[in-house]
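Residue numbers for the sequence shown, in the numbering used here: 631 to 976. Each remark here refers to the structure printed beneath this line.
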Amino acid sequence: MTEVLTTPARRFSLGNDGAARVAAAEDLASPDQLTEQSPSRVVLVRPHQFTPNPETAADNSFQQRILDVLLPSAARESARQIAAAAYAEVTRLGRTLDGLGIGVDIFDDPSAETPDSVFPNNWFSTHPDGTVTLYPMYAKNRRAERREDILAHLQETCRVRRVVDYSSAERFGEYLEGTGSMVLDHRARLAYACRSRRLSPALFTEFCADFGYTPVLFDATDGDGVPVYHTNVMMSVGTDVALISSEMIRDRSQREHVLGVLRGSGRTVVELSESQVGRFAGNCLELAGSSGRCLVLSTTAEASLTDAQRDAISAHCTLVPVDVSTLEAAGGSVRCMIAGNHLPLR
């Protein structure tokens, strides 16, 4: 496990052009190199001053008041203690993944201005062809999460052929929050996304055209009719198995289409209930460890699964639960915390 110390953190400086900035160094990889679904390396960001982000609370129905729900005794604790618990949870996740033979790079964030920096998968993604992609963020204070040092580290340790930057779309009120807004099937070249204020359908379509994915766009809401803010809280696609709460896709034709595409891609589909999604069961990620594929999820999520669901998942990969209950107060769980590194190593 590599801990990259950055104090103070260096932030990514955006260009001033109005279009997506593309820096190409080499030709793209051949199609047979674009099939990796489960990364064997990851990037984590460890916050020093964690707190739920008030700028994202309006449309994130999963976000909870840390003092009232997940940590009822925290009303008698200081913010410093809560931050320390979040710091420890990222460290624990990193050590767990390292123990599975997964390469882990941890970057510290000492800033109080970026409360959601622990969720780096929203501002960048990496791809097996050597591409790093930067995304436009809905919340203004999340835009400061983009960091030069993380990009520099990727370029130093991996073969980065190009950087595709969509972040200038923020100026026009268009957003696409990375692998939070999209769930990517690298093998079948499918991109799943539910409509929300954090995803511009036009920009999503542009991404799919640029990267050779077929878009699968749908509507999903909770029981109160609130749109699901990020696709990766309600579904996850692994190599052979996919988890999804199709009941949250209220339109029958859309629901049948999404399920048909999933099954047509060769996945075993494990259905989740809406209540299980509320326990973050959909917010999980398949990774490739030294002993095989594993599905990393929170202890909250794992406890919500039925025996039949566990058996169906375990037929394809090993369940690895990790306690991140403090961080779940910010409305995201294990999947949101992990930026998969699909880049080829130098």
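Just so you know, even glycine gets a beta-carbon here, dropped at the ideal spot from N, CA and C.
Start and end residues, alpha helix (DSSP H) containing residue i
| i | result |
| --- | --- |
| C824 | Segment L820 to C824 is the beta strand (DSSP E) holding C824; no alpha helix (DSSP H) there. |
| A931 | T929 to S934 |
| P750 | Counting along the chain, P750 falls outside any alpha helix (DSSP H), and DSSP gives it neither H nor E. |
| M967 | V964 to M967 |
| R828 | Where R828 is concerned, there is no enclosing alpha helix (DSSP H), given that its DSSP letter is neither H nor E. |
| D937 | D937 to S944 |
Pair within 9 Å by beta-carbon distance, residue i and residue j
| i | j | result |
| --- | --- | --- |
| V900 | A942 | yes |
| S747 | P677 | yes |
| L829 | Y796 | no |
| G808 | N752 | yes |
| A718 | T681 | no |
| H887 | V846 | yes |
| P758 | H972 | yes |
| Y995 | V867 | What the structure shows of the chain is the stretch from 631 to 976, and residue 995 is not part of that stretch, so it cannot be assessed. |
| V675 | D739 | yes |
Buried/exposed call for residue i, threshold 16 Cβ in 10 Å
| i | result |
| --- | --- |
| L975 | exposed |
| R706 | Per-residue confidence for R706 stands at a pLDDT of 44, beneath the threshold of 50, marking its modelled position as unreliable; the derived number appears in the next sentence. Looking at its Cβ environment, which holds fewer than 16 other Cβ atoms inside 10 Å, R706 is exposed. |
| S963 | buried |
| Q906 | buried |
| R827 | exposed |
| T936 | exposed |
| A653 | Because the pLDDT of A653 is 41, which lies under 50, any placement of that residue in the model is unreliable, and the number read from its coordinates should be weighed accordingly. Under this definition A653 is an exposed residue. |
| E656 | With a pLDDT of 39 at E656, under the threshold of 50, the modelled position of that residue is not reliable, and no figure is offered here. |
| P766 | buried |
| T930 | buried |
| G908 | buried |
| Q939 | buried |
| Q693 | For Q693, the predicted structure reports a pLDDT of 45, less than 50, and the residue's modelled location is therefore unreliable. The matter cannot be settled from this model. |
Terminal residues of the beta strand (DSSP E) in which residue i lies
| i | result |
| --- | --- |
| A872 | V871 to I874 |
| M865 | M865 to V867 |
| P845 | T844 to F848 |
| G919 | L915 to G919 |
CA nearest to the CA of residue i, picked from the options
| i | options | result |
| --- | --- | --- |
| H946 | L957, V952, V926 and S955 | V926 |
| L764 | V675, S708, E786 and E800 | E800 |
| P745 | T835, A769, I732 and G733 | A769 |
| V858 | R825, E877, T835 and G868 | R825 |
| C838 | L915, S811, D881 and T956 | S811 |
| E932 | G919, S920, F910 and A918 | F910 |
| S944 | V954, S955, E916 and L784 | E916 |
Cβ distance (whole Å) where residue i is taken to contact residue j below 8 Å
| i | j | result |
| --- | --- | --- |
| V950 | C924 | 5 Å |
| V813 | T861 | 5 Å |
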